[in-house]
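Data first, discussion second: the structure below is written as C-alpha cells.
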Amino acid sequence: MIKSVSQISSRNGWSCVLSLLIVLFSAAAFGSTYTIQIGAPNGANDTLVLQGALDECVNYHPAGCEIRLSAGMYLSGPLTTTNFHGSIVGKGMDATVIDALP
Amino acid sequence: MFTKSDIAISDLTLRVAGQPAGGCQGFCVLALLGVVGQTGSVSATRVAFEGEPGPDTGFGAYNLYGGLLVQGNPEIKADVQVIGSRFKNMSEAIRVWGVAESRVSIGGSPADANTFDNHVIGIYIPEADQSVVNISQNTVVNSDVGMMIVQNGEWDHQPANFTIRHNQMTVSGYSSVFNWNTGIVVVDLLPANYGEPASSFELSNNDIRLANCPACDTQRARRRVLGPGKRPMELRWHTWSGGLHPGLPERSHKSSRKPRSDCY
C-alpha cells in the first residue's frame, strides 16, 4: 500500500479519514508494510516533510513502514524519532541525497 | 537520531556539505545516522555517508564527526549491518559503542565491501559484550587508524567474538590524535582488569600499508596491540603485506595464524 505525502496534504475532512481507514485496513489485512512515497525535494528545506513521514510511521504504522524517497537532493535539519520500525529507501546512492543542514 | 528503533536505509546518500559562514565549533554535525537506546537495529545497504574537510586538525578536521553511530545507554542490544556502502571525510566513519548480545557485520563477502576514505578512525568498536562481530572485505584509505577495537569491560565483562578478514588499509599522514598511524588496533582489558576470559580475535589476510609519508616513523606504522594498561607493543603475529615505507622493498609475510593469547 503506497501513499503519497502530497495526496495526504491535499485532502481534508472525512475523505482523508476514510482513505486512512482504508489504508490501515488494507495493510492489516494483507500484513504488508505500509509505504509512504515522498515527493521530490522542495529545494529549500525538507525537514518537515521527512520528519512528518517518520512521525506517521511511528504513530500509525508501528509494525512496519517504508519511506520511499524520490531522486534529488533533500535539505534537512536534524531528524529524531523513537520506536521507528521500518526502512528508508532512495533511488540510488548517487540519485537520492539527504543533505544535512549544518 | 533514532531511539529504540529498527531501521534499514538503502540506496541513498547522507551528507553534510559546507559549513556556516562562521564555521562550526569542533564539528557541525555529530552523526549522519544515529541509533541509541537499549534496543534496536540498523542496516545500511548501498549508502554513502559524506562530510567535508574542515579547517582544524585531528578529530575537528571535518565538518562531520561520525557517519554511523550506534550507542547504548549504557548497553544496547542491536544488530548492525553495513554493506556496499562508502564513507568519506569524517572523524569516525562507524562507531558501535556498547552493543550487547548482538551481531555486528561490517562488510562480509566481496560483494558486500565497504569503502572508507579520510578518517581519524575508520571503524571504532569500543565495548562489545557477548557479541559476534565480523569486519571483512573493507577498504580504508587516507586514514590515521583503519579500525580500533577496545574491550574495556566498562559495562559488562563478557567476551565477544571478532572476525577481521580480508580488509585493506592504507594509513597515511601522521595522526595528530594518536601520534601514530595504525592499521588495526585491538585492546582487550577483560583478563587483566576483571579476570575474565579474553575475547576471541581472528585476524587473517588483512593488507595494511603505509601510504606515501616520508616523515612518518616506520615503526609507528606497524600494527599494534595495546597491552593491559601498558604502552603499545608490537604484535608478533603479523598478517602483513606491503611496503613499510616508501622506498623499502615489498614485504610479504602473509599469515593466517591466530593471535597469541598473551598478546591481548
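If you read the sequences in order, they're chains A and B. For the first sequence, the positions run 4 to 105 when the working numbering is used. For the second sequence, the positions run -18 to 245 when the working numbering is used. Backbone N, C-alpha and C fix where the C-beta goes; we use that ideal spot for every residue, glycine too. Everything numeric in this text was worked out from a predicted model, so none of it was measured.
* Asked: Going along the region 85 to 103 of chain A in order, which residues come within less than 9 Å of chain B, judged by CB to CB distance?
  -> The region 85 to 103 of chain A vs chain B, Cβ under 9 Å: Thr85, Asn86, Phe87, His88, Gly89, Ser90, Ile91, Val92, Gly93, Lys94, Gly95, Met96, Asp97, Ala98, Thr99, Val100, Ile101, Asp102, Ala103.
* Counting only beta-carbon atoms, is A:Thr36 nearer than 7 Å to chain B? -> For A:Thr36, the nearest beta carbon of chain B is not closer than 7 Å to its own beta carbon.
* Find out if the Cβ-Cβ distance for the pair B:Thr20, B:Lys(-15) is shorter than 7 Å. => In contact: B:Thr20 and B:Lys(-15) (Cβ atoms closer than 7 Å).
* Using a Cβ-Cβ distance under 7 Å, would A:Thr50 count as near chain B? -> A:Thr50 does not count as touching chain B.
* **Run of the beta strand (DSSP E) containing A:Asp97, from where it starts to where it stops** => No beta strand (DSSP E) contains A:Asp97, which DSSP labels as neither H nor E.
* Please list the partners that B:Thr(-6) has in chain A, where partner means a Cβ-to-Cβ separation under 8 Å. => Within chain A, the residues near B:Thr(-6) are Gly93, Met96, Asp97, Thr99, Val100, Ile101.
* To do: Going by CA-CA distance only, name the one from B:Tyr43, B:Gly35, B:Val61, B:Ala(-2) that's closest to B:Gly15.
  => Considering only alpha carbons, the answer is B:Val61.
* To do: Count the other C-beta atoms from every protein chain shown that fall within 10 angstroms of the C-beta of A:Tyr77, then say buried if there are 16 or more, exposed otherwise.
  => Buried is the call here.
* **B:Glu56 - DSSP class collapsed to helix/strand/coil** => Looking at B:Glu56 - three-state DSSP - the assignment turns out to be strand.
* Are there 16 or more other CB atoms within 10 angstroms of the CB of A:Asn45, so buried, or fewer, so exposed? -> The residue is exposed, with fewer than 16 neighbouring Cβ atoms inside 10 Å.
* Asked: Going by other Cβ atoms of all chains shown within 10 Å of its Cβ, with 16 needed for buried, is B:Leu11 buried or exposed?
  -> Result: exposed.
* Asked: Taking buried to mean at least 16 other C-beta atoms within 10 Å of its own C-beta, is B:Ser90 buried or exposed?
  -> Exposed, because fewer than 16 other Cβ atoms sit within 10 Å of the Cβ of B:Ser90.
* Asked: Would you report the Cα separation of A:Ile101 and B:Pro172, rounded to the nearest angstrom?
  -> Rounded to whole angstroms, A:Ile101 to B:Pro172 spans 44 Å at the Cα level.
* Would you report the Cα separation of A:Gly42 and A:Gly55, rounded to the nearest angstrom? -> Near 13 Å, if we compare the C-alpha coordinates of A:Gly55 and A:Gly42.
* To do: Tell me whether the beta-carbon of B:Ile165 lies closer than 7 Å to the beta-carbon of B:Gly127.
  => Yes. Within cutoff.
* DSSP state of B:Glu33, grouped into three classes? -> Taken through DSSP and simplified to helix, strand or coil, B:Glu33 comes out as coil.
* **Those residues which DSSP pairs with B:Leu184 across a bridge** => The partner list for B:Leu184 (beta bridge, DSSP) reads B:Ile145.
* To do: Can you grab the Cα-Cα spacing for the pair B:Val167 / B:Val131, in whole Å?
  => Distance between the alpha carbons of B:Val167 and B:Val131 is about 6 Å.
* Asked: What number of angstroms, rounded off, separates the C-alpha of A:Ser12 from the C-alpha of A:Ser79?
  -> Because the pLDDT of A:Ser12 is 39, which lies under 50, any placement of that residue in the model is unreliable, and the number read from its coordinates should be weighed accordingly. So the alpha carbons of these two residues sit roughly 19 Å apart.
* Are there 16 or more other CB atoms within 10 angstroms of the CB of A:Gly95, so buried, or fewer, so exposed? -> Exposed, by the Cβ-count rule.
* Count the other CB atoms, across all protein chains shown, that sit within 10 Å of the CB of B:Asp110; report buried if there are 16 or more and exposed otherwise. => By the Cβ-count criterion, B:Asp110 is buried, with 16 or more other Cβ atoms from all chains shown falling within 10 Å of its own Cβ.
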